[in-house]
Each structure stands twice: as C-alpha cells, then as structure tokens.
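Everything in the sequence shown is counted per my numbering, starting at 134 for the first residue and increasing by one. For each residue, glycine too, the CB sits at the ideal point set by N, CA and C. These numbers were taken from a predicted model, which means no experiment stands behind them. Data block below; observations after.
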Amino acid sequence: MGNASTASAGQSDLLKIEQNGAVLTVGLNRPAKRNALNDGIILAIQDCFSHLPEGTGAVVIHGVGDHFSSGLDLSELTEHDATEGLRHSQMWHRVFDRIQYSRVPVIAALKGAVIGGGLELACAAHIRVAEPSAYFALPEGQRGIFVGGGGSVRLPRLIGVARMIDMMLTGRVYSATEGSAYGFSQYLTEAEGALPKALELAERVAANAPLTNFAVLQALPMIAEANPQTGLLMESLMATVAQSDKEAKRRIRAFLEHKTAKVKPT
Ligand SMILES: COc1cc(/C=C/C(=O)SCCNC(=O)CCNC(=O)[C@H](O)C(C)(C)COP(=O)(O)OP(=O)(O)OC[C@H]2O[C@@H](n3cnc4c(N)ncnc43)[C@H](O)[C@@H]2OP(=O)(O)O)ccc1O
Numbered sequence: 134m135g136n137a138s139t140a141s142a143g144q145s146d147l148l149k150i151e152q153n154g155a156v157l158t159v160g161l162n163r164p165a166k167r168n169a170l171n172d173g174i175i176l177a178i179q180d181c182f183s184h185l186p187e188g189t190g191a192v193v194i195h196g197v198g199d200h201f202s203s204g205l206d207l208s209e210l211t212e213h214d215a216t217e218g219l220r221h222s223q224m225w226h227r228v229f230d231r232i233q234y235s236r237v238p239v240i241a242a243l244k245g246a247v248i249g250g251g252l253e254l255a256c257a258a259h260i261r262v263a264e265p266s267a268y269f270a271l272p273e274g275q276r277g278i279f280v281g282g283g284g285s286v287r288l289p290r291l292i293g294v295a296r297m298i299d300m301m302l303t304g305r306v307y308s309a310t311e312g313s314a315y316g317f318s319q320y321l322t323e324a325e326g327a328l329p330k331a332l333e334l335a336e337r338v339a340a341n342a343p344l345t346n347f348a349v350l351q352a353l354p355m356i357a358e359a360n361p362q363t364g365l366l367m368e369s370l371m372a373t374v375a376q377s378d379k380e381a382k383r384r385i386r387a388f389l390e391h392k393t394a395k396v397k398p399t
C-alpha cells in the first residue's frame with residue numbers, strides 16, 4: 134500500500150489503521166470474534182474519528198478477515214440493566230454520529246457478515262460498497278433485543294421501513310444482490326472487490342473541493358429532510374458559498390482552459 138503507515142488506535146490493536154496519502158483506512162480488527170463490536174472497539178472508533186490526521190480527505194472502514202462485523206459483542210450485554218443499556222446505546226449513537234457527521238466522506242467496504250450493530254455501523258457511512266460474500270441481517274429479534282446503534286433511524290431511510298420490519302421480525306438474511314437492489318449498498322463488486330473499490334472511490338472523493346464535500350455531507354441530508362421552501366433556501370445559500378470560494382474559481386478556470394478531465398462514462 135504505497136506510503137502506508139500503520140498505527141493502532143489508543144492503547145489497543147482493535148483497529149488496524151493505515152494512512153495512505155489522503156485516504157485513512159480503518160480495519161475492524163477482531164477477526165477471531167468476527168469483528169464483534171465491544172466497548173473497546175467502539176471507543177477506538179470514536180478516538181479515530183475525533184483525531185483524523187491532518188490532510189485526511191476520505192476514510193475507508195472495513196473488516197479484517199472474512200467478515201465486516203458480526204454486530205454487538207453479545208458477551209457484554211449479559212450484565213446490562215436498563216440504566217447501563219441506555220448508556221450503552223447512547224454511546225453508540227454518539228460514535229456513529231461522529232462517522233455520519235464527519236468532515237470527510239466515509240466509505241464502508243462490506244464482506245461476509247454485516248450483522249446487527251455491524252450493519253448499523255455501515256449505515257452511518259456515506260457510501261457502502263459490497264462484494265458478493267456480503268450478507269445483511271438483524272437477528273435482534275432472535276436475541277430478544279432491539280437495535281441500539283441508530284439502525285431504526287438510518288436503515289429505513291435507505292431500504293424503507295417495511296423491509297426493516299421484515300428483517301427484524303423474520304431474521305431474514307439479505308444477500309449482497311438484494312442489499313444493492315434495495316438501496317443499501319451503492320456499489321456491488323466482483324469477489325474480493327469491496328476494499329479495492331472503496332479505496333478507489335476514496336481517492337476520488339478525497340480529490341473534491343473540501344467545501345463541496347462539506348456541503349454534501351453536512352447540508353444535503355438536512356436539505357433533503359427539510360420542507361421544500363426551507364430546503365431551496367438552504368440550497369441557494371450553500372451554492373452561493375461554494376461558488377464564491379477561490380477553489381471553485383480555480384477548478385472552473387482549469388476546465389475552461391482544457392487543463393482538467395472531462396466528464397466520462399466509467
Ligand atoms: C440492545 O442494545 C444494543 C444493541 C446493539 C446491537 C445489537 C446487535 O448487533 S444484535 C446482533 C448480534 N450478532 C449476532 O447475533 C451474530 C452472532 N454471530 C454469528 O451468527 C456467527 O458468529 C457469524 C457472524 C455468522 C460467523 O459464523 P462463523 O464464521 O461460523 O464463526 P463462529 O464460530 O460463530 O464465531 C467465532 C467466534 O466469534 C464469536 N462471536 C461471533 N459473533 C459474536 C458476537 N456478535 N458477539 C460475541 N461473540 C461473537 C463466537 O462466539 C465464536 O467465539 P468462540 O469463543 O466460540 O470461538 C447495539 C447497541 C445497543 O445498545
């Protein structure tokens with residue numbers, strides 16, 4: 134991986150973090166437990182997204198081993214009372230919000246199990262890339278629990294509330310093809326293609342003007358949920374700010390002077 138440098142998050146090796154140019158690659162690193170998400174790994178993710186290295190333009194999150202994540206580490210749940218349960222769920226919310234509202238795009242590369250809290254983590258990313266081995270499930274019903282990582286807010290917005298109800302009530306496992314058809318993953322690759330494709334996309338989005346990425350990540354989701362009048366006003370304001378920036382002027386001049394790439398079908 135070119136000039137990649139490797140570091141562990143905090144004191145642990147629960148994340149495998151590599152910086153390669155503007156792209157930060159974050160690997161969930163508990164393959165023996167199928168990357169089950171315990172408090173340690175959740176806090177390591179928080180730490181990572183709170184201290185993105187200067188110059189980071191995109192983050193790719195993936196699973197070390199054959200799976201993205203088997204979800205909540207169930208061994209941690211057995212002792213929780215209601216107070217502890219609330220603290221736990223709200224901690225997950227804070228951490229996944231940090232991903233969703235990150236200043237840089239976050240791309241999830243999905244393979245194998247993308248289950249429960251692992252699926253909720255993937256929902257917080259901005260782009261999801263799946264390979265054929267990926268499968269999606271919410272077995273919370275079978276475990277006697279409910280989603281706690283923001284899934285009931287984010288997943289229906291991607292696949293619709295009826296499909297999420299189906300997943301939760303029946304425990305049905307959706308294939309990579311279904312995930313893509315239903316709007317969960319924006320990309321479906323060939324076998325073992327998710328991480329390479331995610332890295333390729335990360336290079337591309339990291340090269341955008343930072344203000345465009347800011348507008349897409351911070352303003353667009355709010356505009357999409359606003360009433361049309363408010364949304365149109367917010368859009369005009371954001372468009373005005375973006376086009377007034379000298380980076381936009383530089384990029385537009387470069388196009389008009391034939392110094393930059395044209396739009397081409399890929
Ligand atoms: C309520 O408040 C919440 C909730 C939440 C989020 C909730 C959820 O995420 S619910 C979903 C929890 N996940 C599961 O039910 C999946 C369980 N795992 C499996 O079905 C399988 O392990 C597999 C993922 C399909 C992989 O199978 P296989 O490759 O055959 O590997 P195994 O032999 O089964 O596993 C190896 C090893 O890992 C352990 N392990 C796997 N998954 C978990 C897990 N989720 N938690 C703990 N441990 C796991 C497994 O037991 C094996 O261990 P050994 O010691 O036996 O080797 C969020 C926030 C809230 O507040």
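Residue i - DSSP class collapsed to helix/strand/coil
i    : result
G284 : helix
G245 : coil
G204 : coil
A324 : coil
V396 : coil
V306 : coil
G293 : coil
I260 : strand
I278 : coil
F182 : helix
T211 : coil
L344 : helix
V193 : strand
V338 : helix
Buried versus exposed, by CB contacts within 10 Å (16 or more), residue i
i    : result
R287 : buried
P164 : exposed
Chain D within 8 angstroms of residue i, Cβ atoms only
i    : result
A263 : In the displayed structure, chain D is absent; only one protein chain is listed.
Straight-line gap, residue i to residue j (C-alpha atoms, nearest Å)
i    : j    : result
A137 : D206 : Confidence is the limiting factor: at A137 the pLDDT is only 41, short of 50, which leaves the residue's position unreliable and the question unanswerable from this model.
P265 : L350 : 28 angstroms
V306 : L271 : 8 angstroms
K392 : D180 : 40 angstroms
A324 : Q275 : 30 angstroms
E253 : G282 : 6 angstroms
R290 : A309 : 18 angstroms
A327 : S318 : 11 angstroms
T373 : E273 : 45 angstroms
T278 : M301 : For clarity, residue 278 is Ile in the given sequence; the question names Thr instead. Their backbone Cα atoms lie some 10 angstroms apart in a straight line.
M367 : H213 : 43 angstroms
8 angstroms Cβ cutoff met for residue i and residue j
i    : j    : result
G196 : L170 : no
V228 : V192 : no
G250 : N168 : no
I248 : S285 : no
T345 : A387 : no
L185 : L157 : yes
Residue i Cβ short of 7 angstroms to ligand 3 heavy atom set
i    : result
H184 : Annotation note on ligand 3: not contained in the displayed structure, which lists ligand 1 as its ligands.
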